[in-house]
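Contents: one structure, followed by commentary.
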Amino acid sequence: MPELPEVEVTRRGISKVLLNARIKKVVHDDKKLREPYSPMMNQLEGSFVKAVNRRAKYIIVYTDKGSLIIHLGMSGHLHISEDEKLALHDHFELVLDNGKNVILNDTRRFGLVLYIPKDQDPLLDQHLVNLGPEPFSDDFSAEYLKDKLSHKKKTVKQALMEAEIVVGIGNIYASEILFACKILPTRLANTITLEECSNLVKETRRILHESICSGGTTIRDFEGADGEKGYFVQNLFVYGHRGEPCKICKTPIELVTLGQRSTYYCPKCQK
Ligand SMILES: [Zn+2]
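Take the position in the sequence shown, starting the count at 1, then add 23; the result is the number in my numbering.
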């Protein structure tokens, strides 16, 4: 599943062709994604793309005639093509006046494409309005995180993955961030100290930033809009490394299931 860094890499990729382009045509097939397409979607034809932003794992395309919210779901990816023709599992396409086309390919069709009319703010859409702060924003501070975690009666790893606390920490990055902070993923959220929260904020930003810079993490089939694979997988310390020696202390990495998600950790480095 694409996580925040992969979505940000995708956003940067499609921005190159979308920004300042005019949308000539909006094309989609008749198979629905997670939700049906709005019949108003064709309002975007002839529109001018003003900005391509991201909120959590949603890409928002702002035009002068309304906006689009795109979510990649479990298996979706956006790519740029010079060929308008749709291939297998291509479901949605923006045909641009600069000869490029932005295409959503999604084998499992859990993705989402929503049209938001011109007079509405996409950030207030029901999918986005209750999301917690962005990890790179000032709102995500040690004090904020301490307050949120102190009310949680679950493990710190599960709490960090809650979008209501902070967006963008998915399963892979949660294991990596906790390893970097030397915190056991099984610890209860309300035992995490302010100093540890300060570390968590710092390491979350560092790890997500490094992943974005290396093109995201290619697990299964993620690729950026230009077809480039992500290389962050080479920088993973614990995720996917069960039984292998810890890169710091050589103790074998262990695997535990928390909230039905695989969680990797070093039993010696993490307390
Ligand atoms: Zn270790």
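Even glycine gets a Cβ: it sits at the ideal position worked out from N, Cα and C.
Can you tell me the Cα-Cα spacing of residue i and residue j, whole angstroms?
i: L183; j: L207; result: 13 Å
i: H150; j: G89; result: 17 Å
i: I200; j: T130; result: 30 Å
i: T274; j: K175; result: 30 Å
i: K270; j: R45; result: 49 Å
i: F260; j: K291; result: 14 Å
i: G36; j: N128; result: 15 Å
i: S234; j: H51; result: 31 Å
i: I192; j: H232; result: 12 Å
i: V32; j: T227; result: 17 Å
i: L281; j: P59; result: 33 Å
i: K171; j: E267; result: 34 Å
i: S285; j: N121; result: 44 Å
i: R186; j: K141; result: First, the amino acid is wrong: residue 186 is Ala here, not Arg. Distance between the alpha carbons of A186 and K141 is about 27 Å.
i: I276; j: M63; result: 51 Å
i: V49; j: I83; result: 16 Å
i: R243; j: S38; result: Bear in mind that the predicted position of R243 carries a pLDDT of just 47, short of 50, making it unreliable; the figure below should be weighed with that in mind. Distance between the alpha carbons of R243 and S38: 24 Å.
i: K54; j: S221; result: 46 Å
i: N43; j: G69; result: 12 Å
What do you reckon, is the C-beta of residue i under 8 Å from a heavy atom of ligand 1?
i: T209; result: no
i: K273; result: yes
i: C204; result: no
i: K291; result: yes
i: C269; result: yes
With the cut-off set at 9 Å, would you say residue i and residue j are in Cβ contact?
i: A98; j: I126; result: The sequence shown places Ser at residue 98, rather than the Ala named in the question. Not closer than 9 Å, so no.
i: H114; j: L41; result: no
i: G155; j: I195; result: no
i: K205; j: Q293; result: yes
i: P25; j: G239; result: yes
i: G96; j: L135; result: yes
i: V152; j: K80; result: no
i: F163; j: V224; result: yes
i: L109; j: A165; result: no
i: R34; j: V190; result: no
i: N124; j: D106; result: yes
Between residue i and residue j, which are expected to be in contact by the criterion C-beta below 8 Å, what is the C-beta distance as a whole number of angstroms?
i: Y138; j: L91; result: 6 Å
i: T86; j: L67; result: 6 Å
i: A212; j: V179; result: 5 Å
i: H264; j: Y287; result: 6 Å
i: V118; j: K47; result: 5 Å
i: T209; j: V279; result: 6 Å
i: I230; j: A197; result: Their Cβ separation, rounded to whole angstroms, is 10 Å, which puts I230 and A197 out of contact at 8 Å.
Report yes or no: is there a C-beta of chain B within less than 9 Å of the C-beta of residue i?
i: L151; result: Absence of chain B from the displayed structure is noted, only one protein chain being present.
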